[in-house]
Amino acid sequence: LKKKKKKKRETSDEMVAEFSQMLDWSDSALRSFAWHPHTDKFAVALLDDSIRIYKSNSSATPTLKHRCQRSVCALQWKPLCGSALAVACQSCLLIWHVDPTSLSTRPSSGCAQVLSHPGHSPITSIAWSPTGSLLVSASPVDTAMMVWDVAAESAVPLQRVGGGGVTYLSWSPDGSRLLAATPSALFRVWETRMWTCERWPCLKGSCQVRKLRKLSITVFELMYAFIYFFKLTFFSQTSWDPRGERLAVLLKGDSQAVNHPSVIAVFKTRSSPVFELLPCGFVMGEAGAEPRFMQFHPHFQHGALLTVCWSDGRISHVPFYFSSAGLLGGDSPQQALASNTADHSSNKLYTEQIS
Amino acid sequence: MFSLKQNSWFIRKVVIWRAVASIAWSVLLLPVTAAVFVLLSRFSLFHPIQWISDCTSLLAASSTVFSLVVLCGVVLITGFFNLEFYTLVPAIPCSRMALLGTVLHPRQCVHSLVYCTMGMLVMWCASVTIGGRYSTLGTPCRQSESGEVVTCLNEYHLFILLAGAFMGYSHSFLGVVQNMYYVSFQPIQQYKYPRFKGCLPMVVKCSVIQALYSARNFAAFYFFFGYAPKTWISSTLNLQIDSSIQPLDSLTGLLDFSLLYHLSISGTFLYLTWYLTVLLFRICVTEAYSFPVQSTFTEDAEQSLPKVLAEKNTLVMKFLALQDLALLSHHSLSRRLEVFSLSQPGGHAHNWNAISRECLSLLSELTQRLVAHQDAVASNGRVKSQSASSDTRSASSSSSVVSGTEDIAETPRLSVPLRTPGSVFKSSVGGANNALTAPFTPDVNSPFSSPAIRRLVGQQDRQSPCFGTEQSPHIMRRGPKLWSASTESQSSGSPPASPATVPSPPAASQKPSFLAQWLQNRREQVKSFLAKRVLIMYLFNKLPEASSQALFADSQAHIWALQGLSHLVAASFSEDQFGVVQTTLPNVLSCLVVLLEAVDRHFKLPHASSKPVRTICSMGDSTYKTLRFALRAALKTAIYKITTTFGEHLNAVNISTEHRKRLQQFLEFKD
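Protein chains in written order, with our numbering: chain A, 25 to 379; chain B, 95 to 765.
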């Protein structure tokens with residue numbers, strides 16, 4: 025029986041590794057990363073299944089540990105809330121309530137709510153609605169995604185046949201739509217008023233963009249269609265800064281070849297009057313370190329701040345200084361693409377080293 | 095029961111039709127479930143073709159059609175009961191005694207009787223459909239001595255019919271215990287069909303589990319008591335009992351696999367019929383209804399959102415209106431603009447003023463309720479500690495210490511008005527009328543109320559039967575545990591215990607008269623006797639969390655009000671052209687902050703922040719148990735919504751310094 029359990033755990037770990045946003049999840053020192061949407065605070069899940077929270081103006085780093093917290097695949101802070109952090113684990117969903125004013129470094133497991141639903145594990149993707157009222161969770165083995173009312177601990181399953189499981193979820197910024205991707209060549213766009221969905225078959229080849237243009241779609245859908253399409257074909261990860269002016273793309277390297285490490289390419293983007301995508305530069309790590317995950321800071325004042333998790337367990341913050349095109353009518357020339365090493369010396373505020 | 099005449103337009107025009115639609119759908123679903131039932135009941139593994147052909151011919155038979163007609167009648171009655179008994183605010187009993195009172199209420203007795211009858215009817219239909227040895231009550235049999243053919247009692251048929259009555263009663267009983275008629279609203283909106291489809295697996299699972307439980311319980315019940323109905327029926331209907339067949343109230347008779355299979359299959363069918371009706375009713379009633387923000391014609395004025403929100407009598411309309419408000423504030427730009435618009439002519443912001451006034455009064459009513467509850471609880475603690483010490487000094491017997499402490503524990507605030515840290519609410523407490531606390535006021539004349547309460551009622555009539563839980567942990571630790579629970583029972587055991595026999599401590603210490611002493615001793619004996627009885631303890635023990643749940647029972651309305659208000663206020667930042675919201679912004683903010691303080695303090699009370707145990711699978715909705723957590727989360731989100739939208743502009747809003755400090759915490763995301 026023990027063997028069976030162990031085997032079950034291994035297969036679910038493989039599944040998590042496949043669908044996790046973190047590249048090479050299984051041997052990565054960092055399992056997941058999330059910026060708080062409103063404050064300078066982020067959470068990192070580590071290989072030993074603990075989660076640490078770093079704040080910009082405090083040296084206290086609370087460590088979260090829980091019996092059920094295994095194989096953490098995704099983290100997300102609740103919007104419009106100072107304390108709640110959702111954690112997607114192997115068997116359940118944990119909601120930590122970490123008091124921002126408390127100085128305790130080990131919040132007790134009583135601060136965590138455990139949400140679980142039979143047949144709904146491992147959970148690989150979670151998404152809070154932008155108003156913070158709902159949490160959607162998805163598992164690649166469950167065709168239903170769960171819409172949680174977290175405080176009441178009740179869930180509404182939303183089931184659609186086809187595609188087999190749900191692997192990735194993302195809300196539109198205004199909360200009116202939700203993208204749900206499946207392991208197969210299919211994704212759905214849910215509208216969140218009456219919770220009906222549109223099926224989008226993922227088209228292969230060059231006709232994709234033409235066909236997308238034919239459908240009457242909003243910018244959001246176009247954006248996600250692009251991101252999803254890119255992710256499936258060339259790139260493993262894309263991230264857009266909140267102002268929509270920088271697009272970072274993680275190009276996955278070839279593990280066999282020596283000279284083909286993973287690399288992050290950054291593009292300048294502009295959505296009006298026409299959509300433009302201009303190459304901007306590359307972000308490289310220290311020798312031997314490969315990028316595993318990246319995320320833009322949700323509200324960086326002076327431009328955009330890209331946070332990169334490296335394969336050696338470092339987290340670095342790469343600032344892009346520019347004035348918004350929307351304000352000045354043009355891109356300012358004073359932008360700087362700071363390298364990783366320069367970042368370590370210049371910006372101590374955000375940089376934390378985790379080994 | 096029939097009170098349609100004085101009902102509002104909403105009940106007449108909307109709720110009734112929704113109920114009718116739900117019943118119609120249940121009737122339409124009946125042939126489907128019946129067909130599945132027929133297929134399962136005639137199942138034979140080795141003759142699949144014969145099985146299918148048998149079933150098709152049976153479905154077309156006249157007896158099946160007749161059964162369907164009877165079942166339609168059952169569904170109609172069930173639907174009628176749903177409409178008559180449904181509630182949006184659950185009744186939460188504070189002790190098992192109160193629960194028992196509800197179960198024995200005449201209205202509930204009628205309900206149980208009707209459900210027993212319906213259970214028997216459905217089971218009769220099921221037994222006719224299954225056929226074979228179950229079909230009739232009387233069977234021809236040969237008497238062993240004379241060899242002549244007489245009509246014997248068919249115990250299998252009787253067994254199935256009694257099982258129906260048993261399941262009917264247990265459904266009715268569990269309906270009370272699990273609040274089956276409580277209708278909760280989903281956190282998301284869905285069309286009726288997807289929602290039904292999503293809930294169907296859960297309902298089927300619930301009915302199977304419930305049927306298996308009931309089958310087990312009924313088998314046990316029949317094993318012990320089956321003899322009585324059997325002999326009664328056989329004697330009244332003059333039926334013989336066939337002695338050649340194994341009787342069913344024996345172990346060997348009950349260990350009949352086919353019998354148990356048919357029992358559980360028909361039980362599942364029975365429960366599924368009822369549960370589907372309940373489910374469809376819930377889905378139809380909770381469907382969102384869109385009220386016009388402004389009425390174009392004067393005769394429709396009572397149907398507009400501001401008017402409907404102010405309505406007090408029709409709860410379902412008020413709830414749906416608040417839900418509509420939350421939805422429109424979130425999803426509909428055009429309707430938001432209507433809310434922010436000015437009246438023509440005059441230029442008054444009637445819509446916004448009426449809507450915000452209603453929401454704010456709803457929220458401040460909750461604040462007052464919470465503060466009143468906290469005051470009652472807090473003052474209990476204070477008075478207890480003072481007089482407990484005086485009791486200890488004057489006590490003559492060791493047990494009277496305990497009784498004194500406990501009497502006080504049950505008493506509400508005597509005369510010392512307690513100044514709790516956040517006593518800024520004192521002014522509002524004065525305004526808290528008794529109607530607020532009415533549901534929590536004990537029945538003074540009931541034999542279960544303690545003499546202490548009777549004595550004090552003259553001074554203070556705000557007291558909750560549930561409040562005893564709140565301060566009890568301390569006492570439980572100090573004194574014998576029994577007392578904190580069974581104080582109420584003391585007078586039930588000794589009815590003549592009048593206020594006069596309760597010795598006031600100083601008097602008792604000065605002049606212990608023999609009679610008083612004797613009475614005191616008797617009372618102590620009766621009390622300790624009763625306290626040792628497990629049953630009485632069990633009945634009068636306070637259910638933990640019950641008072642908290644009761645306070646927040648209708649909080650779904652408050653949650654919508656919070657969502658609606660906060661979204662409207664946040665939207666007004668960019669959409670409100672005339673600045674109508676600006677004038678009420680200080681009121682809204684202070685109302686929210688005051689409510690937050692009251693809620694925070696409530697969660698510091700014992701039991702308030704403990705999570706209820708989750709029920710695995712039952713049709714009863716337990717959403718009300720977690721409403722207080724949902725309210726707290728909604729409240730914080732509402733404040734955050736406003737603070738993040740307005741940001742630094744909040745400094746220009748005219749609010750008190752304390753509130754500004756609190757809001758500053760929200761601006762820094764430190765709450």
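From the three backbone atoms N, C-alpha and C, an ideal C-beta is built for every residue, glycine too.
| query | result |
| --- | --- |
| Inter-residue spacing [alpha-carbon to alpha-carbon] between A:PRO315 and A:LEU301 | 22 Å |
| Interface positions of the region 634-649 of chain B facing chain A (Cβ-Cβ less than 9 Å), listed along the chain | none |
| Residues near A:PRO266 by beta carbon distance below 6 Å, same chain, minus five either side | PRO322 |
| In chain order, each beta strand (DSSP E) run of at least 3 residues that lies wholly inside the region 632-662 of chain B | none |
| DSSP state of B:GLY741 mapped onto helix, strand, coil | helix |
| Any C-beta of chain A under 8 Å from that of B:ARG754 | no |
| Closer than 8 Å to chain B by CB, A:CYS135 | no |
| Proximity test, Cβ basis, 8 Å: B:PRO281 and chain A | yes |
| Any 3 or more C-beta pairs closer than 8 Å across the region 247-257 of chain B and the region 190-204 of chain B | no |
| Alpha-carbon spacing of A:VAL243 relative to B:THR738, whole angstroms | Its pLDDT being 48, under 50, A:VAL243 is placed unreliably in this model, and the value from its coordinates should be taken loosely. The alpha-carbon atoms of A:VAL243 and B:THR738 are separated by roughly 25 Å. |
| Neighbourhood of B:SER622 by C-beta, 6 Å cutoff - its chain only, sequence neighbours within 5 removed | none |
| Local conformation of A:CYS113 per DSSP, three classes | coil |
| Contacting positions in the region 34-66 of chain A - beta carbon closer than 9 Å to chain B | HIS60, HIS62, THR63 and LYS65 |
| Listed by chain order, chain B residues near A:SER157 by CB distance under 7 Å | THR731 |
| Backbone CA spacing between A:GLY106 and B:TYR369 [nearest angstrom] | 41 Å |
| Enclosing alpha helix (DSSP H) for B:THR150 [first to last residue] | 142-154 |
| Within 7 Å of chain A by C-beta, residues of the region 272-298 of chain B in sequence order | GLN280, PRO281, ILE282, GLN283, GLN284, TYR285 and GLY292 |
| Coil, strand or helix - A:MET169 by DSSP | strand |
| Straight-line gap, B:PHE175 to A:LEU271 (C-alpha atoms, nearest Å) | 60 Å |
| Entirely enclosed beta strand (DSSP E) segments - the region 653-727 of chain B, minimum 3 residues | none |
| Close beta carbons around B:ALA702, own chain, < 8 Å, minus the five adjacent residues each side | GLU639, SER642, HIS696 and ARG722 |
| DSSP state of A:SER52 mapped onto helix, strand, coil | coil |
| CA-to-CA distance, A:VAL122 to A:PHE317, given in whole angstroms | 24 Å |
| Test item: CB-CB of A:VAL290 and A:GLY305 under 8 Å | yes |
| Pick from A:LYS102, A:SER163 and A:ARG294 that is closest to A:ALA41, judged by C-alpha positions | A:SER163 |
| Local Cβ density within 10 Å of B:VAL663, reported as buried at 16 or more and exposed below that | buried |
| Helix, strand or coil at B:PHE319 according to DSSP, with G and I counted as helix | helix |
| Residues of its chain near A:ALA204, where Cβ-Cβ distance is below 7 Å and the 5 sequence neighbours each way are ignored | ALA162, MET169, VAL190, LEU193, PHE211, ARG212 and TRP214 |
| Where A:HIS60 sits in the DSSP three-state scheme | coil |
| Residue-chain proximity (A:LEU275, chain B), Cβ-Cβ < 8 Å | no |
| Short-range partners of chain B found in the region 94-126 of chain A, where Cβ spacing is below 7 Å | LEU104, CYS105, GLY106, PRO124 and THR125 |
| Anticipated Cβ contact below 8 Å, B:GLY258 with B:LEU364, distance rounded | 7 Å |
| Contact with chain A by B:LYS764, beta-carbon distance below 8 Å | yes |
| Cβ-Cβ separation, B:LEU416 to B:LEU658 (assumed contact under 8 Å), whole Å | Position check: residue 658 of chain B holds Gly in this sequence, whereas Leu was assumed. About 7 Å; that satisfies the 8 Å criterion. |
| Helix, strand or coil at A:VAL192 [DSSP, three-state] | A quick correction: the sequence has Tyr, not Val, at residue 192 of chain A. Looking at A:TYR192 - three-state DSSP - the assignment turns out to be strand. |
| C-beta neighbour in chain B for A:ASP173, strict 8 Å | yes |
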